[in-house]
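Peer 1:
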Amino acid sequence: MRPSNFILLHISLLVLTAAMKFSNGEDHGHGLNPGRGLGHGPNPGSGLGPGGNPGRGHGPNPGRGRGNGQQNKQHGQNSCPQLEAISREITWRRVSANPAFIAKILRMHFHDCFVRGCDGSILLDSTNNPAEKEAIPNKSLAGFDVIDEIKAKLEEECPGQVSCADILALAARDAVAFQFKRSLWPVSIGRKDGRVSSKDEADRDLPAPSANFTTLRQQFQSHGLDVTDLVALSGAHTIGLGHCVIIAKRLVDFTERGDTDPSLNKEYANFLKQKCSNPPNPNTTLEMDPGSSLSFDSHYFVALNQSKGLFESDAALLTNPEAARLSSIFQNQPVFFAQFALSMVKMGSIGGDQGEIRRNCRVVN
């Protein structure tokens, strides 16, 4: 890991520790989780979960679960010194022209890591069988051309050295960084590009906006991510848009009796009904973080604690005591930012250790 990145992660840990003491009343002997703390070593712990127990994924799917750790994901930075500058320049230029790319590229990285690990399989075009891009949750993704542009420039400067999976991880980091003109988390390099991309696997493995807490926890645990990571990474919904068609049932037929989800704030539900026709127009969009969807901040958790989570999967966080506690704590922006950084590093180490370095991100070599 580059020295500057190590310093950034260390600062995040210090901020998280200090903020948690303040939020928990730890200075007065009333910490929320006595005996819990930060993980250590090359695979950061969750920060708020049991220290130093990163866990590993399970199941039959290659590339799922934790990879080989951050210590094995560094060689690309040494072999391509221009890498980070190229990624930042192109990503910031494209995001400046189209701010919607911030949420879309970040979401693309999430969706990549949750299917076969962070191996760039989301970037492959369909061939004989439908690729991940064709899955229902991925239909609204955009920004593939941003990754293509970065890849083309890197192939000019240092051909065959940087994987598409690494480029996507960097672009997601740099997209969020544009607002602050600094990186919020470090990205280690050395992932490999997978050779398989399956629509069916994406439809199966990606968390659904209608998922309940039990399902969400199981899906995150299968990748070595705990409840703290689940809540922190859900905070990515602080930017971007959702579609009326996804929440239509919540608004007008929640239990198939013409009713509204009772967990929704009534005023917010009425607002959503005014925005969304019945039946819903598939092109009508809604802010995932009402009033703050273009700013990466902690307002998502403020809205969530007012029962204004757009999706059922957002509201589900309040149905579990631990997740609800964290959702309240993460209203504190420095605490949220520090934990989001840790969870992004942890998510970014899922799989990605098998494959190749593609010359073109859309096709295998």
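Heads up: the sequence shown runs through residues -25 to -1, 1 to 340, numbered per mature numbering (1 follows the signal peptide of the UniProt record, and there is no 0). Ideal Cβ positions, reconstructed from N, Cα and C, are used throughout, including at glycine.
Classify V202 as helix, strand or coil using the three-state DSSP reduction.
Peer 2: Note: V202 maps to helix in three-state DSSP.
Peer 1: For the alpha helix (DSSP H) that contains G242, what are its first and last residues?
Peer 2: As written in the sequence, residue 242 is Glu, which differs from the Gly given in the question. Unbroken alpha helix (DSSP H) run through E242: K241 to K250.
Peer 1: For E59, report the span of its alpha helix (DSSP H) as first-last.
Peer 2: Taken as a continuous stretch (DSSP letters only), the alpha helix (DSSP H) holding E59 covers L58 to A72.
Peer 1: Based on DSSP bridge pairs, tell me the residues matched to E297.
Peer 2: None, per the DSSP bridge assignment.
Peer 1: Pick out whichever of Q194, G92, F89 and K114 has its Cα sitting closest to the Cα of D100.
Peer 2: It is K114.
Peer 1: Return yes when the Cβ of M263 is within less than 8 Å of the Cβ of G217, no when it is not.
Peer 2: It is a contact, given that the beta carbons lie within the stated cut-off.
Peer 1: Are the region 325 to 334 and the region 173 to 189 touching, with three or more C-beta to C-beta distances below 8 Å?
Peer 2: The answer is no - the region 173 to 189 does not touch the region 325 to 334, with fewer than three Cβ pairs under 8 Å.
Peer 1: Do you know how far the Cα of F188 is from the Cα of N295?
Peer 2: Approximately 7 Å, taken between the alpha carbons.
Peer 1: Of all the alpha helix (DSSP H) runs that stay within the bounds of the region 74 to 105, which reach a length of 4 or more residues?
Peer 2: As far as the region 74 to 105 is concerned, its whole alpha helix (DSSP H) runs of at least 4 residues are 75 to 88.
Peer 1: Give me the Cα-Cα distance between Q106 and D234, rounded to the nearest whole angstrom.
Peer 2: Residue identity check: residue 106 is Ala in the sequence provided, not Gln. Whole-angstrom Cα-Cα distance: 37 Å.
Peer 1: If you compare alpha carbons, which of D168, I111, F229 and R225 is closest to R179?
Peer 2: Out of D168, I111, F229 and R225, I111 has the C-alpha closest to the C-alpha of R179.
Peer 1: As an exercise, report each continuous alpha helix (DSSP H) stretch of at least 4 residues that is fully enclosed by the region 251 to 314, in chain order.
Peer 2: Taking only runs of at least 4 residues, the alpha helix (DSSP H) segments lying wholly in the region 251 to 314 are 274 to 279, 287 to 290 and 296 to 304.
Peer 1: Where DSSP assigns a beta bridge to H218, which residues make up the other side?
Peer 2: Note: H218 sits in a beta bridge opposite T260.
Peer 1: Just to check my reading of the structure: L200 and A291 have Cβ atoms closer than 8 Å, yes? What is that Cβ distance to the nearest angstrom?
Peer 2: 16 Å between Cβ atoms; not a contact.
Peer 1: Apart from the five residues just before and just after M322, which ones in its own chain have a Cβ nearer than 6 Å to its Cβ?
Peer 2: Same-chain partners within the cutoff: C88.
Peer 1: Is the CB-CB distance between S318 and D204 below 8 Å?
Peer 2: Yes, Cβ-Cβ distance for S318 and D204 is below 8 Å.
Peer 1: What did DSSP end up calling E132 once you bin it into helix, strand or coil?
Peer 2: DSSP places E132 in helix when its eight states are reduced to three.
Peer 1: From D272 to K156, what distance separates their C-alpha atoms?
Peer 2: Those two C-alpha atoms are separated by around 14 Å.
Peer 1: Taking one C-beta from the region 275 to 287 and one from the region 117 to 129 each time, how about it: are there three or more such pairs within less than 8 Å?
Peer 2: No, the region 275 to 287 does not touch the region 117 to 129.
Peer 1: Roughly how many angstroms lie between the CA atoms of G215 and F305, to the nearest whole one?
Peer 2: So the two alpha carbons sit approximately 19 Å from each other.
Peer 1: Of all the CB atoms in chain D, is at least one closer than 8 Å to the CB of S273?
Peer 2: Looking for chain D here will not work: only one protein chain is present.
Peer 1: By DSSP's criteria, N335 is part of a beta bridge. Which residues make up the other side?
Peer 2: Paired residue(s): V338.
Peer 1: Give me the Cα-Cα distance between A127 and A140, rounded to the nearest whole angstrom.
Peer 2: Each residue's alpha carbon lies about 14 Å from the other.
Peer 1: Name the residue from A75, A60 and A144 whose alpha carbon lies nearest to the alpha carbon of residue 407.
Peer 2: Nothing about residue 407 can be read from this structure; the chain reaches only from -25 to 340.
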